[in-house]
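Peer 1:
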Amino acid sequence: MNDSLLDSLLHHLDDPSNSGNGLLQAFDEDESLLSLQGTDALQMLDVTTISGQFSATEEVSPDHDRDRRTDRYCSAENESVASTSPPPMTVENIRSRDTTRRCTYRQKQKAQKDVLYRQVDELTSQLSVLQKRKETAEASKGTWLGHAAVWKVLADRHMKARVLAEEQRRRLCKAVERRSALIQNLGVLLRKRIGEEQPEEAAYAGKKPRTESPDVLLYEAFINELAEVYARTDSIFKETTMEIDVDSQAFFNLSQPTKTDARYHELVGALTTPFAFERVRVLLYKVWWSLDNYRGYETIEGSWIPDDTYITKICIDGPGGNLLVQHCITRQYGEADRVVFVWRKFTEGQGAYAGMHADETGWAIVRPSPSCGQGNAGTVMESVTRFVPINFSSAPASSCSTAVKQFTDTVIKIGEDICQRSLQKLEEKLLDDTLGV
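Just so we're aligned, residue 1078 is where the sequence shown starts under this note's numbering, counting upward by one.
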């Protein structure tokens, strides 16, 4: 019996596929081996007993024997778990490396995110600057000549005027010399005097004075801009708020306040008239600039002026006896359902306003009233005027600012006065046409 138990135990020990947990289960199943006395079991396993460890008279109780078997089972199970789990130091190293790698990755991602946020802020600021520059360029496009261009045109005008003045002075000096010689020779015979006058007249006719106006360069520059000004008509009226008062007799019902960041002054106006649109559009161009009652009124004519383009020059007395000279180039564009007027005007100050100029651009639309669709007659007239004061004066800044303000107010008042006179004359023409006068 003991031999068979020993063989079974050795067989389980030699089998490499059996773990410690399996051996314990085998021991539990074979109660006969566990029921042996301690000494017999040790002898079967060929283990020598240690003297003095157990008393010969000591008996092992059943409870104590069960506790010992339970301790063996727990010890074997712990040994099996310990044999299958990795060493603690290796696990800690792996976890430490993973933690370090994750921290490094998170720091790198955070740094990249900060860089991207900074790039977004920089690009956003650059975009806002570019958009503001674009809006400023669009607002100022076509409303006035650049300062360099104005300087060039004015310099050319002054240069041409100086050449004409010098040439006229030379002719006058020669004429004075001739007349002086003629007076000294009064005593000479009439025939001889006539003989002396004929070569003088021939020489005088050989040098004809230059009659070309020095303002032609300015007019040509403005004429070249009218097409671009006309192309911006719809966008200008979309930007400007119109308020039409049918009961008001004034054209400029409300002046739009100048923006703080704008470099131009803006004046808007709207008016309705009960006359039919077709009658208004026929008579409007004839009285658009009723300036013949101003001093120095002059109409510029020439083959170089395009069709439907009208050029006028007037002199206006300002406050304090200061003179203002205005050059206006107007063009009419006829469309199917409206008439569009665009103009460029250049104002020069003289006297106390010397060196001060105003560059003006204007749009006007004449169209049928919305009430025409209901069987009623009527015409709506709308206008937007923008002008830029330009100061080339060398006066001190303190006194110059006051003069510039007075000059600007005078230009605005003159523009309103010209518009009101034109509308009044248009109304008279329409009434005469209605009455058949």
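By construction, the Cβ of each residue, glycine as well, lies at the ideal position given by its N, Cα and C atoms. A quick note: this is a predicted structure, and the numbers were derived from the prediction, not measured.
1) Measure the beta-carbon distance from E1378 to L1401 and round it to whole angstroms, keeping in mind my assumption that it falls under 8 Å.
2) Closest to T1350 by CA distance: which of A1435, N1170 and S1446 is it?
3) The alpha helix (DSSP H) spanning I1313 covers which residue range?
4) Of the residues S1478, Y1362, N1468 and T1389, which one's Cα is nearest the Cα of I1442?
5) Could you tell me which residues DSSP pairs with L1294 in its beta bridges?
6) So, for L1294: in the same chain, excluding its five sequence neighbours on each side, which residues have a beta-carbon less than 8 Å away from its beta-carbon?
7) According to DSSP, is S1446 helix, strand or coil?
8) On the criterion of 16 or more Cβ atoms from any shown chain inside 10 Å, does Y1194 qualify as buried, or is it exposed?
9) Looking at C-beta atoms only, is the number of pairs between the stretch 1484 to 1494 and the stretch 1385 to 1401 that lie closer than 8 Å three or more?
10) Does DSSP put S1380 in a helix, a strand or coil?
11) Quick one: what's D1394 bridged to in DSSP?
12) What residue does the alpha helix (DSSP H) around R1372 start on, and which one ends it?
13) Taking A1454 as the reference, give the member of E1505, E1355 and N1301 with the closest Cα.
14) Would you please state the rounded distance, in angstroms, between the beta carbons of I1393 and I1491? I believe it to be under 8 Å.
15) So what does DSSP say about A1518, is it helix, strand or coil?
16) Expressed to the nearest angstrom, what Euclidean distance is found between the alpha-carbon atoms of S1257 and V1240?
17) Pick from Q1403, L1503, F1352 and M1433: whose alpha carbon is nearest that of W1420?
18) Can you name, in chain order, every residue of its own chain whose Cβ lies under 8 Å from the Cβ of E1504, other than the five neighbours on each side?
19) Below 8 Å on the Cβ atoms is my guess for V1416 versus K1502; work out the distance and round it to an integer in Å.
20) DSSP on D1515, reduced to helix/strand/coil?
21) Between which residues of its own chain and E1297 is the CB-CB distance below 8 Å, once the five residues before and five after are set aside?
22) Let's see if you can read the secondary structure: which residues bound the alpha helix (DSSP H) around R1356?
23) Run through DSSP, which three-state label would G1492 get?
24) Helix, strand or coil for A1216, going by three-state DSSP, please let me know.
25) Can you grab the Cα-Cα spacing for the pair G1411 / E1343, in whole Å?
26) Look at D1385 and R1408 and say whether their C-beta atoms are less than 8 Å apart.
27) Does S1205 pass the burial test, meaning 16 or more other C-beta atoms within 10 Å, or should it be called exposed?
28) Report the three-state DSSP secondary structure of Y1387 (helix, strand or coil).
29) Could you tell me if C1496 is buried or exposed, where buried requires 16 or more neighbouring beta carbons within 10 angstroms of its beta carbon?
30) Quick check on the burial criterion: 16 or more other C-beta atoms within 10 angstroms. Buried or exposed for A1480?
31) Quick one: Cα of V1306 to Cα of R1463, how far?
32) If you compare alpha carbons, which of A1413, V1461, L1360 and K1422 is closest to K1390?
33) In the DSSP output, which residue or residues are listed as bridge partners for G1411?
34) Could you check the C-alpha separation between Q1427 and H1434 for me, to the nearest Å?
35) Find out if the Cβ-Cβ distance for the pair V1461, R1444 is shorter than 8 Å.
36) State the Cα-Cα distance for the pair A1431 and Y1374, rounded to the nearest angstrom.
Peer 2: So, to answer that:
1) Taking the sequence shown and counting its residues from 1, the one referred to as residue 1378 is at position 301. Taking the sequence shown and counting its residues from 1, the one referred to as residue 1401 is at position 324. Not confirmed; about 23 Å, so no contact.
2) Start at 1 with the first residue of the sequence shown, and residue 1350 comes out as number 273. The shortest Cα separation from T1350 among A1435, N1170 and S1446 belongs to S1446.
3) Taking the sequence shown and counting its residues from 1, the one referred to as residue 1313 is at position 236. For I1313, the enclosing alpha helix (DSSP H) stretches over residues T1310 to E1316.
4) Here residue 1442 refers to the residue found at position 365 when the sequence shown is read from its first residue. Distances from the CA of I1442 to each of S1478, Y1362, N1468 and T1389 were compared; the closest alpha carbon is that of Y1362.
5) Translated into positions along the sequence shown, residue 1294 becomes position 217. For L1294, no pairing in a beta bridge is given by DSSP.
6) As a working mapping, residue 1294 is identified with position 217 in the sequence shown. Exclusion of the five residues before and after L1294 leaves V1230, D1233, R1234 and K1237 as the residues of its chain whose Cβ lies within less than 8 Å of its Cβ.
7) Here the question's residue 1446 lines up with position 369 in the sequence shown. S1446: coil per DSSP, three-state reduction.
8) Locating residue 1194 in the sequence shown gives position 117, where the first residue counts as 1. Classification of Y1194: exposed, given that the 10 Å Cβ count is below 16.
9) In the pairwise beta carbon analysis, the stretch 1484 to 1494 is classified as touching the stretch 1385 to 1401: at least three pairs are separated by under 8 Å.
10) Residue numbering aside, residue 1380 sits at position 303 when the sequence shown is read from its first letter. Correct three-state label for S1380: coil.
11) The residue you call residue 1394 lines up with position 317 of the sequence shown. For D1394, the pairing in a beta bridge is given by DSSP as L1400.
12) Position 295 of the sequence shown, counting from 1, holds the residue named residue 1372. That residue, R1372, is in no alpha helix (DSSP H); it is neither H nor E in DSSP.
13) Locating residue 1454 in the sequence shown gives position 377, counting from the first residue. Relative to A1454, the option among E1505, E1355 and N1301 whose CA is nearest is E1355.
14) Start at 1 with the first residue of the sequence shown, and residue 1393 comes out as number 316. Start at 1 with the first residue of the sequence shown, and residue 1491 comes out as number 414. Right, their Cβ atoms sit about 6 Å apart.
15) Outside the modelled stretch of the chain, which goes from 1078 to 1514, sits residue 1518, for which no answer is possible.
16) Counting from one through the sequence shown, the residue named residue 1257 turns up at place 180. Counting from one through the sequence shown, the residue named residue 1240 turns up at place 163. Rounded to whole angstroms, the separation of the alpha carbons of V1240 and S1257 is 26 Å.
17) On the sequence shown, residue 1420 is found 343 positions in, with the first residue counted as 1. Checked all of Q1403, L1503, F1352 and M1433; the closest Cα to W1420 is Q1403.
18) Translated into positions along the sequence shown, residue 1504 becomes position 427. Excluding positions up to five away in sequence, the list reads T1350.
19) Counting from 1 along the sequence shown, the entry for residue 1416 is found at position 339. Counting from 1 along the sequence shown, the entry for residue 1502 is found at position 425. So it is not a contact: roughly 17 Å between Cβ atoms.
20) Since the first residue of the chain shown is 1078 and the last is 1514, residue 1515 is not available in this structure.
21) As a working note, residue 1297 is residue 220 in the sequence shown. Within its own chain, the residues whose Cβ lies closer than 8 Å to the Cβ of E1297, once the five positions on either side in sequence are excluded, are W1381, listed in chain order.
22) Taking the sequence shown and counting its residues from 1, the one referred to as residue 1356 is at position 279. Residues F1354 to V1364.
23) Reading the sequence shown from its first residue, position 415 is the one you call residue 1492. Helix, per DSSP.
24) Residue mapping note: residue 1216 aligns to position 139 of the sequence shown, counting from 1. A1216 sits in a helix when the DSSP states are folded into three classes.
25) Position 334 of the sequence shown, counted from the first residue, corresponds to residue 1411. Position 266 of the sequence shown, counted from the first residue, corresponds to residue 1343. Rounded to whole angstroms, the separation of the alpha carbons of E1343 and G1411 is 25 Å.
26) Indexing the sequence shown from 1 puts residue 1385 at position 308. Indexing the sequence shown from 1 puts residue 1408 at position 331. For D1385 and R1408, yes; Cβs fall inside 8 Å.
27) Position 128 of the sequence shown, counting from 1, holds the residue named residue 1205. Looking at its Cβ environment, which holds fewer than 16 other Cβ atoms inside 10 Å, S1205 is exposed.
28) As a position in the sequence shown, residue 1387 is number 310, starting the count at 1. Secondary structure of Y1387 (DSSP, three-state): strand.
29) Counting from 1 along the sequence shown, the entry for residue 1496 is found at position 419. Buried: at least 16 other Cβ atoms inside 10 Å.
30) Residue numbering aside, residue 1480 sits at position 403 when the sequence shown is read from its first letter. Within 10 angstroms of the beta-carbon of A1480 lie 16 or more other beta-carbons, which makes it buried.
31) Residue numbering aside, residue 1306 sits at position 229 when the sequence shown is read from its first letter. Residue numbering aside, residue 1463 sits at position 386 when the sequence shown is read from its first letter. When rounded, the distance between both Cα atoms is 12 Å.
32) As a first step, residue 1390 must be located in the sequence shown, where it is residue number 313. When C-alpha distances from K1390 are compared across A1413, V1461, L1360 and K1422, the shortest belongs to K1422.
33) Looking up residue 1411 in the sequence shown gives position 334. G1411 pairs with V1416.
34) As a working note, residue 1427 is residue 350 in the sequence shown. As a working note, residue 1434 is residue 357 in the sequence shown. Cα to Cα, Q1427 sits roughly 10 Å from H1434.
35) In the sequence shown, residue 1461 corresponds to position 384, counting from 1. In the sequence shown, residue 1444 corresponds to position 367, counting from 1. Contact: no.
36) Position 354 of the sequence shown, counting from 1, holds the residue named residue 1431. Position 297 of the sequence shown, counting from 1, holds the residue named residue 1374. Between A1431 and Y1374, the alpha-carbon positions lie close to 21 Å from each other.
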